Amino acid sequence: MSLNWLLGYLCIVQIVSLLYFTTADSPYRYSTWEVTYGHIYPLGVPQRVQDMQGILINGQFPGPDIYAQTNDNLIINVINHLDEPFLITWDGIQQRKNSYEDGVYGTTCPIPVGMNFTYKMQVKDQIGSFFYFPSTAFHKAAGGFGGIRILSRPLIPVPFPQPADDFTLLIGDWYNNDHANLRAILDGGKKLPFPDAVHINGRRANDGIFTVEQGKTYRFRISNVGLQNSLNIRFQDHKMKLVEVEGTHTVQESYSSLDIHLGQSLSVLVTADQDIQDYYIVISTRFTSQVLMTTAILRYQGSNRPIFGPPPGGPTIEIGWSLEQARTIRTNLTASGPRPNPQGSYHYGQIPVERTIRLKSSSGQLNGKQRYAVNSVSFIPSGTPLKLADYFNIPGVFRPGSMPDHPTGKQMYLDTGVLEAGYRTFVEIIFENKENIVQSWHLDGYNFFVVGIDGGKWRPECREQYNLNDAISRCTVQVYPRSWAAVYVSLDNVGMWNMRTEFWARQYLGEQFYMRVYTPSHSVRDEYPLADNALLCGRAAI
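Okay, so the sequence shown: first residue is 1 according to this note's numbering, each after it adds one.
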């Protein structure tokens with residue numbers, strides 16, 4: 001056997017091994033989703049096919065859960081059988097270097113009627129609990145949402161024992177009205193009425209049953225997929241141990257009830273340590289004069305004692321209680337994240353802030369119609385997705401810097417707001433809420449550190465109370481009435497990223513904008529090129 005032959009053989013073995021382990025570490029998960037209208041019964045009242053009210057995915061409401069593992073590639077072919085264009089966005093999947101797949105109108109063309117689009121995404125360096133939902137045409141009010149769970153790789157330690165089972169709870173408020181009717185109310189310049197009810201996984205009271213075995217511990221992944229209300233969850237006679245929030249392992253505090261604000265997701269562990277019988281799982285609205293409530297059942301295996309009596313009550317309008325609870329949600333600095341190094345090794349509190357962005361929400365009448373704004377800019381979509389206009393250098397679609405980074409004091413006005421942000425800068429974002437509602441803000445493409453939440457007006461002196469050690473890292477933050485929230489974020493993900501309220505009527509009527517994280521480099525190291533299957537629309541299709 002010659003030395004050259006042996007070296008060649010070893011080289012081939014090494015290449016084959018590399019390809020094998022690359023494939024093993026980053027498998028591909030394929031799905032085909034048929035999006036249709038269909039019968040759903042979230043309030044016990046059928047929403048009929050001919051009314052175009054219920055959006056199903058593969059005949060399911062809610063849609064199928066997405067199961068993935070860190071670094072998996074997700075290939076999801078979405079076929080639109082509705083009677084109008086449709087888009088799905090992925091709340092929490094960061095789309096590293098790939099905002100083209102984000103599934104919001106500023107980055108992605110809606111899927112035309114009768115056509116399909118294949119999303120190609122990688123859950124790069126992510127774990128945790130998230131959800132997906134329709135992002136255009138107020139379709140979110142008709143369903144089309146589902147859970148996302150991204151598991152750690154087998155060799156990465158998780159800071160709690162493997163639970164006996166893993167459940168998804170999608171909770172939200174609901175209207176017993178067609179989404180097209182609700183959209184027409186908004187298009188006519190009016191506010192939506194108060195929702196009709198709340199649901200758990202699209203079911204009415206006591207329809208959902210979660211079976212557990214006495215002595216075992218279970219994981220519940222809970223997402224607020226609603227349209228306008230913060231919600232509270234509680235398990236009758238059981239404690240919830242919070243273990244994860246939007247991809248971050250938390251300090252493991254126990255709670256009798258937990259507030260989950262619009263667009264937020266978290267995981268709790270519940271141990272079946274009570275007598276064998278049925279217990280209530282209760283969801284109720286927060287900060288509302290009229291309290292909406294629904295229930296599911298936690299059923300012990302072998303139970304012959306059904307639930308009885310009224311469901312346990314919970315908090316209602318107490319802002320201070322919720323604020324104090326929010327401050328207890330902190331990062332577990334000793335836990336591994338998607339990689340084996342401790343999550344706490346990123347010392348965000350020691351990085352100099354290069355820029356402060358202050359965002360003030362507002363509401364009012366504009367041209368006789370209800371509108372909402374950020375720093376006086378009420379967002380209007382362009383005819384061409386902003387990311388495509390940026391990619392093809394199409395002029396006149398948006399103006400870089402059209403979104404001011406501080407409140408201006410101007411009267412509300414319409415514009416396609418785009419905030420310019422430098423790649424790899426470390427910024428502070430202050431959310432200011434002068435209104436008497438709870439706001440909930442989400443940034444696509446990123447997690448940020450929630451360093452401060454408090455009442456009153458934000459001032460530079462407020463930085464003295466920031467948590468610069470173990471603040472929770474997440475992608476959605478609540479802002480209480482007449483209060484502020486401060487976050488730190490490292491802008492290390494190039495793209496055009498949607499910043500929006502999760503109060504969906506306000507988002508629809510202008511309370512959003514896009515953050516353009518830009519670099520003149522055109523290297524795939526910084527951003528992937530436009531996918532070969534990308535849909536083109538507006539001026540990009542010419």
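Just so you know, even glycine gets a beta-carbon here, dropped at the ideal spot from N, CA and C. Note that the coordinates shown come from a computational prediction; the quantities given were computed from them, not determined experimentally.
Return helix, strand or coil for residue i, following the three-state DSSP convention.
i	result
Lys140	helix
Asp125	coil
Leu491	strand
Glu101	helix
Ser345	helix
His442	strand
Tyr37	strand
Asn533	coil
Pro134	strand
Asp470	coil
Ser322	helix
Gly538	helix
Asn177	coil
Lys360	strand
Trp458	coil
Leu388	helix
Ala68	strand
Ile185	helix
Sorted by chain position, which residues of the same chain lie with C-beta nearer than 6 Å to residue i's C-beta, five sequence neighbours on each side aside?
i	result
Gln411	none
Val158	Ser152
Glu420	Pro400, Gly401, Arg516
Pro404	Asn375
Ala486	Ile430, Val451, Gly452
His406	Arg358
Do you know how far the Cα of residue j is from the Cα of residue i?
i	j	result
Gln325	Pro529	43 Å
Thr108	Glu435	32 Å
Ala534	Asp72	21 Å
Gln365	Gly188	12 Å
Gly208	Asp65	16 Å
Tyr100	Asn332	32 Å
Gln507	Gln439	11 Å
Lys387	Lys191	30 Å
Arg299	Arg516	49 Å
Ile12	Arg149	Because the pLDDT of Ile12 is 38, which lies under 50, any placement of that residue in the model is unreliable, and the number read from its coordinates should be weighed accordingly. Computed Cα separation, rounded: 37 Å.
Pro195	Glu502	15 Å
Thr32	Ile79	8 Å
Gln370	Ile185	10 Å
Ala24	Asn176	With a pLDDT of only 45 at Ala24, under 50, the local geometry of the prediction cannot be trusted, and the value read off the model is given with reservation. For Ala24 and Asn176, the distance between alpha carbons rounds to 46 Å.
Trp484	Asn433	6 Å
Glu84	Thr211	39 Å
His179	Leu227	12 Å
Ile75	Leu292	38 Å
Gln290	Ala541	48 Å
Arg96	Pro520	17 Å
Ser382	Ile281	43 Å
Thr70	His199	30 Å
Thr328	Met121	33 Å
Arg358	Tyr480	16 Å
Ala505	Tyr372	9 Å
Leu509	Ile111	22 Å
Glu583	Trp458	No answer is possible for residue 583: it lies beyond the span of the chain, which begins at 1 and ends at 542.
Asp454	Asn58	44 Å
Cys537	Tyr30	26 Å
Ile222	Thr168	6 Å
Tyr41	Ser230	22 Å
Arg183	Ser265	26 Å
Thr270	Phe308	One point to set straight first is that residue 270 is Val, not Thr, in the sequence displayed. Approximately 21 Å between the Cα atoms of the pair.
Excluding sequence positions up to five away, which residues of its chain have a Cβ less than 7 Å from the Cβ of residue i?
i	result
Lys216	Ala164, Ala272
Thr294	Ala197, Val198, His199, Ile200, Arg204, Ala205, Ile283
Ser363	Tyr372, Glu435
Arg305	Gln277, Asp278
Tyr391	Leu530
Our contact map puts residue i next to residue j with C-beta atoms below 8 Å; I'd like the distance itself, whole angstroms only.
i	j	result
Ala471	Val451	5 Å
Gly314	Asn232	5 Å
Gln343	Gly349	Not quite, the Cβ-Cβ distance comes to about 14 Å (not below 8 Å), so this is no contact.
Gly106	Met496	6 Å
Tyr218	Met240	About 11 Å separates the two Cβ atoms, so there is no contact after all.
Asp102	Phe131	That pair is no contact at about 15 Å.
Spell out whether any CB of chain D is found under 8 Å from the CB atom of residue i.
i	result
Thr108	Structure shown: chain D not included; a single protein chain is present.
Which residues in the same chain as residue i place their Cβ atom closer than 8 Å to its Cβ, once the five residues preceding and following it in sequence are excluded?
i	result
Leu18	Bear in mind that a pLDDT of 35 at Leu18, under 50, signals an unreliable position, so the model cannot answer this.
Arg330	Thr250, Val251, Asn467, Asp470, Ala471, Ile472
Thr334	Pro159, Pro342, Gly344
Hey, would you say the C-beta of residue i is under 7 Å away from at least one heavy atom of the ligand FAD?
i	result
Gly188	Because no ligand of any kind appears in the structure shown, any question about the ligand FAD cannot be addressed here.
Evaluate contact between the segment 426-439 and the segment 267-280, counting only Cβ atoms and requiring at least three cross-stretch pairs below 8 Å.
-> no
Contact the segment 393-400 vs the segment 438-452: 3+ CB pairs below 8 Å | no
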